[in-house]
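Student: For the record, the sequence lines run as chains E and F.
Those letters in the first sequence? Residues 1 to 260, per full-length UniProt numbering, in order.
Those letters in the second sequence? Residues 1 to 216, per full-length UniProt numbering, in order.
Quick one: the structure is below, and I'll ask about it shortly.
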Amino acid sequence: MSVETTKTPVDSAPENTELIRLDQVTKRFGDNTVLDHLDFCVKPGRHVTLIGPSGSGKTTILRLLMTLTKPDEGTITVDGQRLFPATEKQVREVRKKIGMVFQQFNLFPNMSVLRNITEAPVSVLGLSKDEAEERARELLDLVGLADKCDAKPSRLSGGQQQRVAIARALAMRPQVLLLDEVTSALDPELVAGVLDVLRDIARTTDITMLCVTHEMNFARDISDQVLMFDSGRVIESGPPEKIFSSPEQERTREFLSAVL
Amino acid sequence: MTWDWSAVGEFMPLFWDGLIVTLQALALGSLISFSLGLVWALLMRTPTRWVQWPVGIVTEFVRDTPLLVQLFFLFYVLPEWGLTLSAMATGVLAIGLHYSTYTMQVYRAGIDAVPPGQWEAATALNLSRTRTWRAVILPQAIRRVVPALGNYVISMLKDTPMLMTITVLELLGRARLFSQEHFQFTEPVTVIGVAFIVISYLASLLLRTLERRLVR
């Protein structure tokens with residue numbers, strides 16, 4: 001692979017097996033081009049980690065997929081359905097397939113932990129309150145917070161809040177889980193609990209994970225593919241063993257020696 | 001100047017009647033200003049200019065003209081256009097409308113203060129627009145604005161005597177009525193002055209309790 005290539009698919013698989021596909025996506029903020037004609041795809045069930053210096057466009061990809069921001073050019077497809085350009089109705093349909101966990105958790109402070117998790121399944125998926133609560137309790141059990149159902153988020157530690165946020169995203173049964181620096185806002189001693197939960201999910205489900213992180217050990221653990229970003233382009237990609245132990249690009253080596 | 005306790009006693013029946021009218025005007029005025037202010041604030045958030053502009057102009061106009069002028073306009077001009085309301089209804093409407101242009105700004109600040117992450121989480125969960133407003137944004141925004149809204153209740157209380165000018169017999173109206181009949185001003189005016197202090201103080205106590213319960 002050379003630095004000049006703009007087309008950097010994660011896998012060289014035929015198109016119809018790709019779950020996520022970005023074609024020639026460009027995103028600018030003012031004069032700053034964050035993504036530059038990016039091509040990018042992910043096959044179902046893969047765990048892909050995006051690494052790279054801040055400002056390199058990693059988080060922007062997650063935000064584009066979650067429709068929190070729109071590209072200036074290009075097309076985005078998820079599971080064969082168009083996410084951009086698309087009508088509001090199409091977007092709502094595709095968005096059902098995608099869940100996201102944020103750096104700052106973004107739990108709803110006005111709702112109990114349980115309500116945080118049941119709100120969307122009830123109002124969006126049309127589950128009954130009982131069904132949604134049963135699902136929520138199972139998920140809280142999974143993230144080790146079964147006893148916190150009735151607590152308000154503000155009573156929880158950052159790590160606990162993030163685990164609730166993971167449960168909340170999973171309650172929608174998404175095909176894709178986007179993880180945006182989910183441990184960056186946590187005190188160091190709380191990071192492990194969150195990562196354990198995510199490892200568990202990566203191991204026991206077939207959910208596709210797209211992960212932006214600075215936790216290189218975690219990236220090494222869970223990912224099938226690591227993509228190195230720099231200046232809005234993928235400059236190197238491969239299995240974690242290769243990227244972390246024998247990166248080809250000088251830029252990747254520099255970055256890894258700075259963060260490891 | 002002598003203080004005549006018997007005048008106070010004689011004024012009390014009128015006082016109670018006036019108090020009820022004042023409190024009614026205050027309650028209804030608050031209700032209108034709170035709900036209409038929220039409507040204005042939400043309309044100002046619609047993406048189309050064709051809604052934002054008229055709402056912006058009308059509310060700016062109402063905010064920048066005196067309440068007294070609005071009272072006179074509604075009371076004396078509307079009937080000429082064929083719309084006759086009782087004095088009390090006109091007064092409540094004027095106070096509610098006038099203060100709604102202030103509460104809308106309070107709501108706007110409250111809505112703006114909800115962190116962007118809340119909107120993003122709602123989008124990520126695919127909540128509908130209505131659901132996002134009702135379940136996520138407004139509960140958080142309104143919790144934040146209760147103290148500011150409460151301050152406007154106290155302002156409104158102090159503006160209720162203006163209703164006297166359109167013949168509503170609230171506290172000041174009753175005091176004037178009594179003075180004109182008995183030629184005693186000191187007692188009734190002092191009594192209603194004290195009443196305003198007591199109501200304001202009770203309202204602020206209530207407000208502080210509410211604040212403590214909501215803003216945790």
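Glycine included, every Cβ here is placed at the ideal spot set by N, Cα and C.
Between Gly-232 (chain E) and Thr-33 (chain E), how many whole angstroms is the CB-CB distance? I'm expecting something under 8 Å.
Tutor: Counting from one through the first sequence, the residue named residue 232 (chain E) turns up at place 232. Counting from one through the first sequence, the residue named residue 33 (chain E) turns up at place 33. Their Cβ separation, rounded to whole angstroms, is 6 Å, which keeps Gly-232 (chain E) and Thr-33 (chain E) in contact under 8 Å.
Student: Compare the beta carbon distance of Leu-65 (chain E) and Val-197 (chain E) with 9 Å and say whether it is the shorter of the two.
Tutor: Your numbering for residue 65 (chain E) matches position 65 in the first sequence. Your numbering for residue 197 (chain E) matches position 197 in the first sequence. No, the Cβ-Cβ distance between Leu-65 (chain E) and Val-197 (chain E) is not below 9 Å.
Student: Can you tell which of E:Val-259, E:Arg-253, E:Ser-257, E:Leu-227 has the C-alpha that lies nearest to the C-alpha of Lys-58 (chain E)?
Tutor: On the first sequence, residue 58 (chain E) is found 58 positions in, with the first residue counted as 1. Measuring from the Cα of Lys-58 (chain E), the nearest candidate turns out to be E:Leu-227.
Student: Under a three-way DSSP split, which group does Met-228 (chain E) fall into?
Tutor: Walking along the first sequence from the start, residue 228 (chain E) turns up at place 228. If DSSP states are grouped into helix, strand and coil, Met-228 (chain E) belongs with the strands.
Student: May I have the straight-line CA-CA distance separating Arg-208 (chain F) from Arg-63 (chain F), to the nearest angstrom?
Tutor: Position 208 of the second sequence, counted from the first residue, corresponds to residue 208 (chain F). Position 63 of the second sequence, counted from the first residue, corresponds to residue 63 (chain F). The straight-line gap from Cα to Cα measures roughly 27 Å.
Student: Have a look at Ser-54 (chain E) and Val-259 (chain E) and give me their C-alpha separation to the nearest angstrom.
Tutor: Taking the first sequence and counting its residues from 1, one reaches residue 54 (chain E) at position 54. Taking the first sequence and counting its residues from 1, one reaches residue 259 (chain E) at position 259. Between Ser-54 (chain E) and Val-259 (chain E), the C-alpha separation is close to 12 Å.
Student: Under 6 Å Cβ to Cβ from Asp-180 (chain E), same chain only, skipping five residues before and after it: list those, please.
Tutor: If you number the first sequence from 1, residue 180 (chain E) lands on position 180. Correct list, in chain order: Thr-59, Leu-62, Phe-102, Gln-103, Val-212.
Student: Please classify Asp-159 (chain F) as buried or exposed, where buried requires at least 16 neighbouring CB atoms within 10 angstroms.
Tutor: Your numbering for residue 159 (chain F) matches position 159 in the second sequence. Looking at its Cβ environment, which holds 16 or more other Cβ atoms inside 10 Å, Asp-159 (chain F) is buried.
Student: What are the complete alpha helix (DSSP H) segments, minimum 4 residues, inside the stretch 57 to 110 of chain F?
Tutor: Counting whole runs of 4 or more residues, the stretch 57 to 110 of chain F contains the alpha helix (DSSP H) stretches 67 to 72.
Student: At least one CB of chain E closer than 9 Å to the CB of Val-69 (chain F): is that the case?
Tutor: One-based indexing of the second sequence puts residue 69 (chain F) at position 69. No, because no Cβ of chain E sits closer than 9 Å to the Cβ of Val-69 (chain F).
Student: Out of F:Ala-148, F:Leu-26, F:Leu-171, F:Phe-196, point me to the one whose CA is closest to Ala-89 (chain F)'s CA.
Tutor: Within the second sequence, residue 89 (chain F) is the residue found at index 89, counting from 1. With distances taken between Cα atoms, Ala-89 (chain F) lies closest to F:Leu-26.
Student: Return the Cβ separation of Leu-177 (chain F) and Leu-14 (chain F) in integer angstroms, given the expectation that the two are a contact with Cβ distance under 8 Å.
Tutor: To locate residue 177 (chain F), count along the second sequence from 1; it is residue 177. To locate residue 14 (chain F), count along the second sequence from 1; it is residue 14. That belief holds up - the Cβ atoms of Leu-177 (chain F) and Leu-14 (chain F) are roughly 7 Å apart, short of 8 Å.
Student: In the structure shown, what three-state DSSP assignment does Gly-29 (chain F) receive?
Tutor: Looking up residue 29 (chain F) in the second sequence gives position 29. Residue state, collapsed to three classes: helix.
Student: Is DSSP giving Asn-151 (chain F) helix, strand or coil here?
Tutor: The residue you call residue 151 (chain F) lines up with position 151 of the second sequence. Reduced to three states, the DSSP call for Asn-151 (chain F) is helix.
Student: Are any of the Cβ atoms in chain F nearer than 9 Å to that of Pro-9 (chain E)?
Tutor: Your numbering for residue 9 (chain E) matches position 9 in the first sequence. With a pLDDT of only 47 at Pro-9 (chain E), under 50, the local geometry of the prediction cannot be trusted, and the value read off the model is given with reservation. Chain F, which has no Cβ nearer than 9 Å to the Cβ of Pro-9 (chain E), makes this no.
Student: Can you pull the chain F neighbours of residue 262 (chain E), defined as C-beta to C-beta under 7 Å?
Tutor: Outside the shown range of chain E (1 to 260) lies residue 262 (chain E), about which nothing can therefore be said.
Student: Contact between the stretch 84 to 99 of chain F and the stretch 154 to 172 of chain F: three or more CB pairs below 8 Å?
Tutor: Touching, yes.
Student: Could you tell me the alpha carbon to alpha carbon distance between Met-111 (chain E) and Ser-128 (chain E), rounded to whole angstroms?
Tutor: The residue labelled residue 111 (chain E) in the question sits at position 111 within the first sequence. The residue labelled residue 128 (chain E) in the question sits at position 128 within the first sequence. Near 18 Å, if we compare the C-alpha coordinates of Ser-128 (chain E) and Met-111 (chain E).
Student: In chain order, what residues of the same chain have a beta carbon less than 7 Å from the beta carbon of Ile-199 (chain F), not counting five sequence neighbours either side?
Tutor: On the second sequence, position 199 is the one that residue 199 (chain F) refers to. So the list reads Leu-157, once near-sequence residues are dropped.
Student: Taking the DSSP output, what are the residues bridged to Glu-88 (chain E)?
Tutor: Here residue 88 (chain E) corresponds to residue number 88 of the first sequence, with the count starting at 1. None; Glu-88 (chain E) has no bridge partner.
Student: Name the residues in the stretch 97 to 116 of chain F whose C-beta lies less than 7 Å from a C-beta of chain E; which are they?
Tutor: Flagged: no residues at all.
Student: What three-state label does DSSP hand Lys-158 (chain F) in the structure shown?
Tutor: As a first step, residue 158 (chain F) is located in the second sequence; it is residue number 158 there, counting from the start. In this structure, Lys-158 (chain F) counts as helix in the three-state DSSP scheme.
Student: Check the Cβ of Pro-147 (chain F) against every Cβ in chain E and list those closer than 7 Å, keeping chain order.
Tutor: In the second sequence, residue 147 (chain F) corresponds to position 147, counting from 1. Simply none; closest approach about 17 Å.
Student: Nearest chain E C-beta to Glu-211 (chain F) closer than 9 Å, yes or no?
Tutor: Sequence index remark: in the second sequence, residue 211 (chain F) carries index 211 (1-based). Output row for Glu-211 (chain F): interface = no.
Student: Can you give, in chain order, each stretch of the beta strand (DSSP E) that sits fully within the stretch 185 to 224 of chain E and has at least 3 residues?
Tutor: If we require 3 residues or more, the beta strand (DSSP E) runs fully inside the stretch 185 to 224 of chain E come out as 208 to 212.
Student: I need the boundaries of the beta strand (DSSP E) containing Asn-32 (chain E), first residue and last residue.
Tutor: Working through the first sequence from its first residue, we reach residue 32 (chain E) at position 32. Run containing Asn-32 (chain E): 32 to 42, per the beta strand (DSSP E) assignment.
Student: Would you check if there are 3 or more beta carbon pairs closer than 8 Å linking the stretch 104 to 123 of chain E to the stretch 204 to 220 of chain E?
Tutor: No, the stretch 104 to 123 of chain E is not in contact with the stretch 204 to 220 of chain E.
Student: Taking only beta-carbon atoms, is Thr-65 (chain F) less than 9 Å away from chain E?
Tutor: The residue labelled residue 65 (chain F) in the question sits at position 65 within the second sequence. With 9 Å as the cut-off, Thr-65 (chain F) does not count as an interface residue toward chain E.
Student: Check the DSSP bridge columns for residue 261 (chain E) and list the partner residues they point to.
Tutor: Outside the shown range of chain E, which is 1 to 260, sits residue 261 (chain E), and nothing can be said about it.
Student: Looking at chain F, is there any beta carbon in it that lies within less than 9 Å of the beta carbon of Thr-6 (chain E)?
Tutor: Stepping through the first sequence from its first residue, residue 6 (chain E) is reached at position 6. Low local confidence applies: a pLDDT of 43 at Thr-6 (chain E) is under 50, so the model's placement there is unreliable, and no value is given.
Student: If you count every other CB in all the chains shown that lies within 10 Å of the CB of Glu-4 (chain E), and 16 or more means buried, which is it?
Tutor: For the purposes of this step, residue 4 (chain E) is taken as the residue at position 4 of the first sequence. Because the pLDDT of Glu-4 (chain E) is 41, which lies under 50, any placement of that residue in the model is unreliable, and the question is left without a value.
Student: Check whether the Cβ atoms of Leu-195 (chain E) and Ala-167 (chain E) lie closer than 9 Å to each other.
Tutor: Indexing the first sequence from 1 puts residue 195 (chain E) at position 195. Indexing the first sequence from 1 puts residue 167 (chain E) at position 167. Not a contact, by the Cβ cut-off of 9 Å.
Student: Could you give the first and the last residue of the continuous alpha helix (DSSP H) run that contains residue 291 (chain E)?
Tutor: The structure shown does not extend to residue 291 (chain E), since chain E is modelled only from 1 to 260, so the question has no answer here.
Student: Would you check whether the ligand SAM has a heavy atom nearer than 8 Å to the C-beta of Ile-222 (chain E)?
Tutor: No copy of the ligand SAM appears in this structure; indeed no ligand is present at all.
Student: Compare the C-beta of Leu-14 (chain F) against all C-beta atoms of chain E and say whether one is closer than 9 Å.
Tutor: In the second sequence, counting from the first residue as 1, residue 14 (chain F) sits at position 14. Output row for Leu-14 (chain F): interface = no.
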